[in-house]
Amino acid sequence: MGFWHDMRHKRQIYERDAARPVSMARILLADGTSANLLYRAMRWSARRRLRGLAYACQFANKLINHCVIGVDAEFGPGFVLLHPTGVVINSKVKGGRNVALESGVVIGDDKGRSPVLGDDVFVGSGAKVIGGVEVGSGARIGANAVVVKPVEPDTTVVGIPARPVARRREGP
-9 MGFWHDMRHK RQIYERDAAR PVSMARILLA DGTSANLLYR AMRWSARRRL
41 RGLAYACQFA NKLINHCVIG VDAEFGPGFV LLHPTGVVIN SKVKGGRNVA
91 LESGVVIGDD KGRSPVLGDD VFVGSGAKVI GGVEVGSGAR IGANAVVVKP
141 VEPDTTVVGI PARPVARRRE GP
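Position one of the sequence shown corresponds to residue -9 (our numbering), numbered consecutively onward.
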């Protein structure tokens, strides 16, 4: 379920910017796919208490993709690493469905507290999400933003420290 759901979400992201449908072959060969596969293999191993295999997958991800994801970091279906280079995610991080990350994203703890990301969250290149903050569902974090306070659902934040600049409206 996890990896293939991740790839379907990745395909949806690619098709938003494409003039024509995107083949699954292109998605499977795209940047970040091996990082997603290794993350899902790591989580599968960790859930089955195969910690040695989980750490081997984590090491392979670090070596191949220059991406460090804590063994116990949990993301729901549709997790996408669009460009995994420089991504660092703490082991205590929790993320919902359809979370997408660009390159250089750091999601880390502060004083033992780690972020929680809702569903349908996008984190732009180089952004940092630090400490026990909640990022609401549908939030967008701009490139190089530093998030140290909670982000409301359906809100776009940018800057250092991150501040809201837009909020999507519901209804007609």
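Note that beta-carbon positions come from the ideal geometry of N, C-alpha and C, so glycine has one too.
Inset, instruction - Would you mind sorting Asp21 into buried or exposed? The rule is 16 or more other CB atoms within 10 Å of its CB. - result: As a working mapping, residue 21 is identified with position 31 in the sequence shown. The residue is exposed, with fewer than 16 neighbouring Cβ atoms inside 10 Å.
Legend entry - Buried/exposed call for Arg41, threshold 16 Cβ in 10 Å: Numbered from its first residue, the sequence shown carries residue 41 at position 51. The residue is exposed, with fewer than 16 neighbouring Cβ atoms inside 10 Å.
Legend entry - Extent of the continuous beta strand (DSSP E) run through Gly98: As a working note, residue 98 is residue 108 in the sequence shown. Element bounds for Gly98: 96 to 98.
Inset, instruction - Taking Ile120 as part of the alpha helix (DSSP H), name the residues at either end of that continuous run. - result: Start at 1 with the first residue of the sequence shown, and residue 120 comes out as number 130. Segment 118 to 120 is the beta strand (DSSP E) holding Ile120; no alpha helix (DSSP H) there.
Inset, instruction - Entirely within the segment 14 to 74 and at least 4 residues each: give me those alpha helix (DSSP H) ranges in chain order. - result: List check, alpha helix (DSSP H) in window: 14 to 19, 23 to 37, 41 to 55.
Inset, instruction - With DSSP collapsed to three states, give me the class of Gly126. - result: Position 136 of the sequence shown, counted from the first residue, corresponds to residue 126. Note: Gly126 maps to coil in three-state DSSP.
Inset, instruction - Label Ser35 either buried or exposed according to how many other C-beta atoms from any shown protein chain fall within 10 Å of its C-beta, with 16 as the threshold for buried. - result: One-based indexing of the sequence shown puts residue 35 at position 45. Label assigned to Ser35: buried.
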